[in-house]
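Here the structure is laid out as structure tokens; the discussion comes afterwards.
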Amino acid sequence: MLTNRPRGTNDILPGQVEKWQLIEETMRCISAEYNYQEIRTPIFEHTELFIRGVGETTDIVEKEMYTFVDRGERSVTLRPEGTAPVVRSYLENRLNSGPQPVKLYYTGPMFRYDRPQSGRYRQFHQVGVEAFGSHHPALDAEVMSMAMEFYRRIGLVDVELHINSVGCPECRPQLKEKLCEYFRPRESDLCSNCRQRLVKNPLRIIDCKNPGCQEIAKDAPTPLDHLCSDCKEHFDSVCEYLKALGIPFVINPRLVRGLDYYTHTAFEIMAKGLGAQSSVGGGGRYNRLIEECGGPSIPGIGYALGVERIILALEQQGVETAPSPGPDVFVAILTPDLKADAFKILSKLRKKGISSDQDYLGRSLKAQMKYASKINAKYTIIVGNDELEREMVILREMDTGEQSEVPVEDAAAKIKERLASCTD
Ligand code: HAM
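If you're matching positions, the sequence shown starts at 791 in this note's numbering and goes up one per residue.
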């Protein structure tokens, strides 16, 4: 028990963490280029925020939240997603009173009590953006192009952008009516979840993953067939912008996302080779959410990309990331009495920005050299009594075994020179 991590969680170890760093760094770079600023919100929020924000009838709220009562008798929930918290923060910090749109990005862990399997975890990570304060379809195209640029930059190929419009409160009631008309006679053949959805949220039946429901829903009315004129105009315009930007997309009339806040544009990005968990990211517009959360009527749009799934997809597609290199220098000592002198040399190297390390287990020189080679040090500085008396050390290149004496004072500069010539 003490040596087992909780089900559905992962340790991210050296060797793997480089992929995470690449993803986070890429997100930072792209966000700067698209003028999105970072926001960090708490890992837990008042439960009510997700019930109101994500929607009472969603799987997330009904079955997947990590909710608990804290010592002050308040119900709090580990965030299952990032949009509702960012909306809460936008309102609480009155970001709506500054220039609009406000464009924000985030990275971090999310929590859903789901059945763990490959690509589906209880603690997983997202990188995402939210943009508030504009209805303009160009902003829809911007966030989608940003997501696609992200995949391109990290080297993920074979990803497909699926888009749809899920309508707005104008066109929804008519669609719901049509869906109920269609599904009611077939109710007994639906799965138990969908039978409940028929009462609470019939739109969600369209993208149920149960094969029986999929077969029944094949000919069901879709939101695209029932858009009001505003929604239709908006959707056509989004498609035009995407075409103008040269971003390939598939219109998927059956795409209905699992969170209730979406209006107008909904999109998902699928990667080949991930089986059932093929969605590496998704998002859409949520023009009513800010109001739902107690704010003024302000539109919003965003996406979140699943870090674990992106890494799985990269591995499936054979994309390699470079492992962390070893230190530039290992400082070895001939005899234990030289430890303090060696430590001073090590400290100087580090201050000059040269990654370096030493022995902490009292190893013999031979064992220190073996260790330096195991951790892939590029150079070893050997500190010996005779050399130190002349204010010299031995510099050894680990790959070639080539050794020379260098003045202690010049060691850092010499190493920097050699490292620079290696990367030229
Ligand atoms: P979502 O579709 O629930 O949307 O999640 C976005 C992505 O997170 C998914 O496409 C998937 O890659 C990843 N993901 C979701 N659940 C898991 C899980 N249990 N294990 C591993 N990865 C997972 C949202 O969360 C919305 N907040 C996106 C958004 C932002 N919409 C507007 N703005």
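Where a beta carbon is used, it is the ideal one built from N, C-alpha and C, also for glycine.
Query                                                                                                            : Result
Assigned secondary structure, GLN890 (DSSP; H/G/I helix, E/B strand, else coil)                                  : coil
Distance between beta carbons of SER955 and ILE1037, contact taken as under 8 Å                                  : Contact flag wrong, Cβ pair sits at about 17 Å.
Alpha helix (DSSP H) runs contained entirely in the region 1057 to 1084, provided each spans 4 or more residues  : 1079 to 1082
C-beta contact flag for PRO870 and MET855 at 9 Å                                                                 : yes
Cβ neighbours of LEU839 in the same chain (closer than 6 Å, five flanking residues each side left out)           : ALA874, ARG878
Environment of CYS1212 [buried if 16+ CB atoms lie within 10 Å]                                                  : exposed
Beta-carbon proximity check, GLY1092 vs VAL919, cutoff 9 Å                                                       : yes
Inter-stretch contact (C-beta, 8 Å, three-pair minimum) for the region 974 to 984 and the region 1000 to 1016    : yes
Cβ-heavy atom distance, ASP904 to the ligand HAM, below 8 Å                                                      : yes
Minimum C-alpha distance to LYS1062 - residue among ALA1122, ILE1165, ALA1103                                    : ALA1103
N- and C-terminal bounds of the beta strand (DSSP E) containing THR857                                           : 856 to 859
Continuous beta strand (DSSP E) stretch holding ILE1123: start and end                                           : 1119 to 1123
Minimum C-alpha distance to ALA931 - residue among LYS1204, PRO963, ALA1122, ARG1075                             : ARG1075
Burial state of ALA1034 (16 or more Cβ within 10 Å)                                                              : exposed
PRO804 vs SER1114 beta-carbon contact at 9 Å                                                                     : yes
Assigned exposure category for PRO1126 - 16 Cβ within 10 Å defines buried                                        : exposed
Any non-hydrogen atom of the ligand HAM closer than 8 Å to ALA1112 Cβ                                            : no
Alpha-carbon to alpha-carbon, THR793 and VAL949                                                                  : 37 Å
Own chain partners of VAL1097 with C-beta closer than 6 Å, once the 5 adjacent residues on each side are dropped : ILE813, HIS915
4 or more residues per run - each alpha helix (DSSP H) lying fully within the region 974 to 1021                 : 982 to 990, 1001 to 1007
THR873 Cβ short of 8 Å to the ligand HAM heavy atom set                                                          : yes
Option in GLN1067, ARG1180, ALA1132 with minimal Cα separation from ARG905                                       : GLN1067
Proximity below 9 Å, CB of ILE1171 to CB of VAL1121                                                              : yes
Closest residue to ARG994 among GLU1030, TYR941, TYR1051, ARG942 (Cα-Cα distance)                                : TYR1051
Exposure label - PHE858; buried when at least 16 CB within 10 Å                                                  : exposed
Outcome for LYS1160 when other beta-carbon atoms lying within 10 angstroms are tallied against a minimum of 16   : exposed
Completely contained alpha helix (DSSP H) runs for the region 1124 to 1183, where each covers 4 or more residues : 1129 to 1141, 1155 to 1164, 1175 to 1179
Identity of the residue in ILE1088, LYS1129, CYS1021, ILE953 nearest ILE1059 by Cα                               : ILE953
Span of the alpha helix (DSSP H), counted from its first residue to its last, around SER756                      : Outside the displayed span of the chain (791 to 1214) sits residue 756, for which this structure offers no information.
Nearest candidate by alpha-carbon position, reference ARG942, set MET817, CYS1083, ARG1044                       : MET817
Distance cut-off 8 Å: GLN986 Cβ against heavy atoms of the ligand HAM                                            : no
For GLU1216, the first and last residue of its enclosing beta strand (DSSP E)                                    : Because the chain is modelled from 791 through 1214, residue 1216 falls outside the range shown and cannot be assessed.
Any alpha helix (DSSP H) of 4 or more consecutive residues that is wholly inside the region 884 to 949           : 927 to 944
GLN1067 Cβ short of 8 Å to the ligand HAM heavy atom set                                                         : yes
Straight-line gap, GLU1023 to ALA1112 (C-alpha atoms, nearest Å)                                                 : 46 Å
Straight-line gap, LYS968 to VAL1046 (C-alpha atoms, nearest Å)                                                  : 16 Å
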